[in-house]
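Trainee:
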Amino acid sequence: MRPDTLERISPWEWRLQPTGSMRVPGVIYASEPLLRDMEEDVLIQLAGVASLPGVTGTVYAMPDAHTGFGFPIGGVAAMDPDRGGVISAGGVGYDIACGVRVLLSGMHIDDLLPHQETLADALFATIPAGVGSTGAIRLNDDETDAMLARGAAWAVGRGWGRGDDLAHIEDHGTAPGAEPELVSAEARKRQRDEMGTLGSGNHYLEIQVVEDIIDATAAEAFGLRLGDVLVAIHCGSRGLGHQVATDYSKLMLAEAPKHKITLPHRDLACAPIRSELGRRYLGAMRAGINCALANRQILTHLVREAFERVFRKSVALPLLYDVAHNTCREEEHRVGPVSRRLYVHRKGATRALPPGHPALPAEFSKVGQPVLVGGSMGTASYILAGVAGSEGKSLSSACHGAGRLMSRGEAKRRFQGREVVGSLKRQGILVRTPSFKGVAEEAPGAYKDVHMVIEVTQHAGLARPVAKVRPVINVKG
DNA sequence: ATGTAC
């Protein structure tokens with residue numbers, strides 16, 4: 004988009020004044036080059052979000068923003084339930100509670116490299132990946148209810164993981180307020196044999212090495228040392244989350260006239276938070292969050308099993324942290340002079356709590372929340388930390404990845420999956436995938452420069468970089 | 001993102 008359509012607040016911040024049906028202003032965090040590469044549709048989608056009933060304060064686009072379904076991916080917006088505020092299924096995203104978790108191996112890269120091929124094969128054999136991938140677990144209806152009610156805590160109770168994992172997951176691994184009975188039979192059916200699977204698209208399982216420590220104090224609190232091997236898991240709520248989004252987006256579209264909501268776009272279908280449909284979606288969405296948390300927990304267990312087989316010893320692989328970047332949470336935020344309970348939509352945006360926040364585990368209290376940012380396959384990923392002052396800037400949110408630079412279709416025209424895999428291998432990155440088409444769509448060249456995204460995130464005061472990591476193995480869905 | 005369209 005052209006920078007001259009926006010008000011430049013700083014080299015990192017651009018303001019969209021309310022016009023037309025917009026109720027509040029928008030802010031895009033970007034450098035001028037990132038802004039020029041951002042599609043014009045991000046602005047249109049952000050203006051649409053700013054037009055929704057009950058929207059409060061300012062709506063935000065993170066530096067990795069690109070167009071999505073309804074909301075931009077990289078969009079943050081808070082809705083006030085006491086002022087007609089709405090919840091939008093498209094605003095949460097079709098992959099409910101899609102997110103990233105990082106495990107610490109305690110291993111040095113030099114001890115892993117002799118086993119790189121073996122570990123890549125073991126992970127690919129252990130972790131079901133790809134469209135429609137199914138796992139070894141079968142859930143009957145009662146088990147599905149338990150999973151949807153308790154999330155990662157259910158998985159740990161079933162033996163997939165350890166109790167200490169839960170302390171490093173948002174809400175201790177269980178989204179409160181889940182109502183499994185509001186998840187349709189169709190959604191349940193789609194999930195029956197998809198627990199513990201990676202899925203496709205931008206989902207991946209990566210073995211990474213810490214190649215730069217930027218903030219030594221925070222790195223120590225996070226347990227990160229130069230040369231350390233990490234495991235990153237990026238996935239979500241699979242078929243169940245998708246079906247919940249489909250079911251409720253349809254209902255929200257049909258009911259919008261009843262609630263006298265004028266939708267800027269049908270993809271922004273929404274319902275008042277204080278309506279029957281709004282409450283029902285919240286209950287189903289929270290069940291979807293639990294599905295994603297349980298899924299990442301089972302995958303964690305499978306990763307531990309693969310490590311054990313390859314290294315012939317138990318590798319603890321403790322969980323650093325687990326963040327969802329497609330979600331809506333009830334949170335307390337200051338709006339002007341008062342504090343209000345708001346429903347914060349973060350779609351392709353990561354919560355980034357500042358130091359001292361009561362929701363943080365004690366060991367992160369001094370340095371802030373780990374913010375896990377997944378780059379593209381061939382480039383770096385980052386671990387950041389939340390910073391003081393981010394609440395007034397982005398409702399304590401930060402970027403979630405590098406952000407797409409081009410559509411999947413364009414990426415398929417521009418890149419060949421096999422060539423991408425070959426080129427990555429020459430760079431020391433082993434890719435294992437069921438789909439070369441998927442690799443082409445996810446080619447590093449299809450993404451923005453993650454370093455530029457992190458630079459903006461830092462200078463805009465959304466989060467600060469702690470460590471930079473690069474991949475050595477990527478299991479691509 | 002997704003049993004890659006009802």
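Mapped onto the numbering used here, the consecutive letters of the first sequence carry residue numbers 4 to 480.
Virtual Cβ for every residue (Gly too), placed ideally from N, Cα, C.
Quick caveat, the model's predicted, so the values are computed rather than measured.
#1: Since C273 and I90 should fall inside the 8 angstroms C-beta cutoff, what is the C-beta to C-beta distance between them, to a whole number of angstroms?
#2: Please list the terminal residues of the continuous alpha helix (DSSP H) segment that includes A295.
#3: Of the choices V58, D250, H262, whose alpha-carbon is the least far from that of V347?
#4: Just the Cα atoms here: how many angstroms apart are L46 and V79?
#5: Quick one: residues in its chain with C-beta nearer than 6 angstroms to the C-beta of R191, no 5 flanking neighbours on either side, listed in chain order?
#6: Determine the extent of the alpha helix (DSSP H) in which W15 is found, giving its start and end residues.
#7: Assuming L387 and A466 form a contact by the criterion Cβ under 8 angstroms, report the distance between their Cβ atoms to the nearest whole angstrom.
#8: Looking only at its own chain, which residues have a Cβ that is under 7 angstroms from the Cβ of A414, when we skip the five neighbours before and after it?
#9: The beta strand (DSSP E) spanning E35 covers which residue range?
#10: Under 8 angstroms between the Cβ atoms of A233 and V247?
#11: Compare the C-alpha of G548 against each of P340, Q419, H403, Y385 and name the closest.
#12: Given this structure, state the Cα-to-Cα distance separating R104 from A405, to the nearest angstrom.
#13: Per DSSP, which one or two residues make a beta bridge with H69?
#14: Smallest Cα separation from N293: which of L122, Q194, S54?
#15: Under DSSP, the alpha helix (DSSP H) around L55 begins and ends at which residues?
#16: May I ask which residues mark the beginning and end of the beta strand (DSSP E) holding Y32?
#17: With a floor of 3 residues, list each beta strand (DSSP E) that falls wholly inside the stretch 113 to 147, ordered by position along the chain.
#18: Looking at the structure shown, is S24 part of a helix, part of a strand, or coil, going by DSSP?
#19: Taking the alpha-carbon of A50 as reference, which of R407, L9, G381, A33 has the nearest alpha-carbon?
#20: Compute the beta-carbon to beta-carbon distance between A1 and G389, rounded to the nearest angstrom, for a pair I have assumed lies under 8 angstroms.
#21: Any idea what DSSP makes of T353, helix, strand or coil?
Mentor: Per the coordinate set shown:
#1: Confirmed, Cβ separation roughly 6 angstroms.
#2: Under the DSSP assignment, A295 falls in the alpha helix (DSSP H) whose first and last residues are 279 to 314.
#3: Shortest Cα-Cα distance from V347 to any of V58, D250, H262 involves V58.
#4: 13 angstroms
#5: T147
#6: Careful: W15 lies outside any alpha helix (DSSP H) and carries neither H nor E.
#7: 4 angstroms
#8: A443, E444, A446, A449
#9: Here E35 belongs to no beta strand (DSSP E); instead the alpha helix (DSSP H) covers 35 to 40.
#10: Before going further, note that residue 233 is Leu rather than Ala in the sequence given. In this structure, V247 does not lie closer than 8 angstroms to L233 by Cβ.
#11: Residue 548 lies beyond the range of the chain shown here (4 to 480); nothing can be said about it.
#12: 16 angstroms
#13: I76
#14: Q194
#15: No alpha helix (DSSP H) contains L55, which DSSP labels as neither H nor E.
#16: 29 to 32
#17: none
#18: coil
#19: L9
#20: No answer is possible for residue 1: the residues shown for the chain start at 4 and end at 480.
#21: strand
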